Amino acid sequence: MIFGLSIAFWITALFTVAGALAAALLKNLVHCALSLTVTFAGLAILFLQLDAQFAGFAQMLVYIGAVAILVVFAILLTRGAGAPEYRIYTSSWLAGIAIAAAVFALLAWSVITSLPAGAGSAAPDVTVLSIGQALMSTYVLPLEIVAVVLTVALIGAVIVAMHDKGDAKTHEQKGGAQ
Amino acid sequence: MIPASWYLILSAVLFSLGVIGFLIKRSLITVFMSIELMLNAVNLSFVTFAHQWHSVKGQIFVFFVMMVAAAEAAVGLAIIIAIFRARATLNVDQVDLMKL
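Protein sequences appear in the order of chains A and B.
Okay, so the first sequence: first residue is 1 according to my numbering, each after it adds one.
Okay, so the second sequence: first residue is 1001 according to my numbering, each after it adds one.
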């Protein structure tokens, strides 16, 4: 059982990290978005392995279902499907990798040197039912605020992305018809 | 029972990959995707701790992070499209001003 669990963990971790690596390094933006979707799926499976059914399925619905599609739409709307004309890496990529390595070293150091927790609490497992009850009682005010934030964000997104026909700066003519 | 530290190290790896993508890529959309990756890596930490302590709070926090990330995704991609309309490029070296 333990062996099977750890095999499952390693396979999922491999897919997740490979997807993240490809998303961070690949040249083609569509490939990046698809690799990122693999990472999202791997994370959803990891959440399910951790007995977090609610977070796992919410991850699938929100990220794989919505955010990935949104990113692909943004890529296609900005005609970035091919390799861009400019170099894809910044000139200071070496410093960027060094900073990322420092971040990883700090995080890994704090994880490894921390004391292992005991057996954990004896409380029963978290079920979707208990999450729903907590959301509807203790956390009902944040829930309502998040609902308002989402509504405002969606209206704002539509207004920001709305095409202003009278704008002289638009590049319709420059880009040419599709 | 897989030790929680494995999940935390995996979360650190994913977060660092997000930092790499954020810092070394020139495309605005890739920068945006790297932010999403970092948010997800932190969510993995939350779920790990929630699993370890059998606490409902971890998953509640993951829920709120996801909702705010969804709002951020909608507004961020709208801004990216607006920037592309105004500038015809998504190279971060050329969109470094706060005005269009």
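We put the beta carbon where it would ideally sit given N, CA and C, even for glycine.
If you're wondering where the values come from, they're calculated on a predicted model, not measured in any experiment.
Check: Should Met136 (chain A) go down as buried or exposed, given a rule of 16 or more other Cβ atoms within 10 Å for buried?; Outcome: exposed
Check: Applying the criterion that 16 or more other CB atoms from any shown protein chain within 10 Å of the CB defines a buried residue, is Val1047 (chain B) buried or exposed?; Outcome: buried
Check: Could you please give the first and the last residue of the uninterrupted alpha helix (DSSP H) stretch that includes Ile1029 (chain B)?; Outcome: Leu1028 to Trp1053
Check: Please list the terminal residues of the continuous alpha helix (DSSP H) segment that includes Tyr1007 (chain B).; Outcome: Ala1004 to Ile1024
Check: How would you list, in chain order, the residues of chain B whose beta-carbon sits under 9 Å from the beta-carbon of Ala18 (chain A)?; Outcome: None at all; the shortest Cβ gap to chain B is about 10 Å.
Check: What would DSSP say about Tyr89 (chain A), mapped onto helix, strand or coil?; Outcome: strand
Check: Check whether the Cβ atoms of Val149 (chain A) and Leu1008 (chain B) lie closer than 7 Å to each other.; Outcome: no
Check: Measuring alpha carbon to alpha carbon, tell me which residue in A:Gly96, A:Val146, A:Ala18 and A:Ala8 is nearest Leu50 (chain A).; Outcome: A:Ala8
Check: When you compare the CB positions of Ala153 (chain A) and Ala1078 (chain B), do they come within less than 7 Å of one another, or not?; Outcome: no
Check: Give a yes or no on whether the minimum CB-CB distance between Leu77 (chain A) and chain B is below 7 Å.; Outcome: yes
Check: Who are the near neighbours of Met1033 (chain B) in its chain, counting only those whose CB is closer than 8 Å to its CB and skipping five residues on each side?; Outcome: Gly1021
Check: What does the Cβ neighbour count give for Gln133 (chain A), buried or exposed, with the cut at 16 atoms within 10 Å?; Outcome: exposed
Check: Which partner residues does Asn1091 (chain B) have in the DSSP bridge list?; Outcome: B:Ser1027
Check: Compare the C-beta of Leu1097 (chain B) with all C-beta atoms of chain A and state if any pair is closer than 7 Å.; Outcome: no
Check: Run through DSSP, which three-state label would Leu115 (chain A) get?; Outcome: coil
Check: Between Gly65 (chain A) and chain B, is there a C-beta pair that is closer than 7 Å?; Outcome: no
Check: How is the alpha helix (DSSP H) around Ser137 (chain A) delimited, first residue to last?; Outcome: Neither: Ser137 (chain A) is in no alpha helix (DSSP H) and is coded neither H nor E.
Check: Could you have a look at Ala81 (chain A) and say whether DSSP puts it in helix, strand or coil?; Outcome: At Ala81 (chain A), the pLDDT of 49 sits below 50, so the modelled position is not reliable; the number obtained from the coordinates is stated separately. Three-state result, Ala81 (chain A): coil.
Check: Have a look at Gly4 (chain A) and Met1001 (chain B) and give me their C-alpha separation to the nearest angstrom.; Outcome: 10 Å
Check: Note down, in chain order, every chain B residue with its Cβ under 7 Å from the Cβ of Leu21 (chain A).; Outcome: Leu1017
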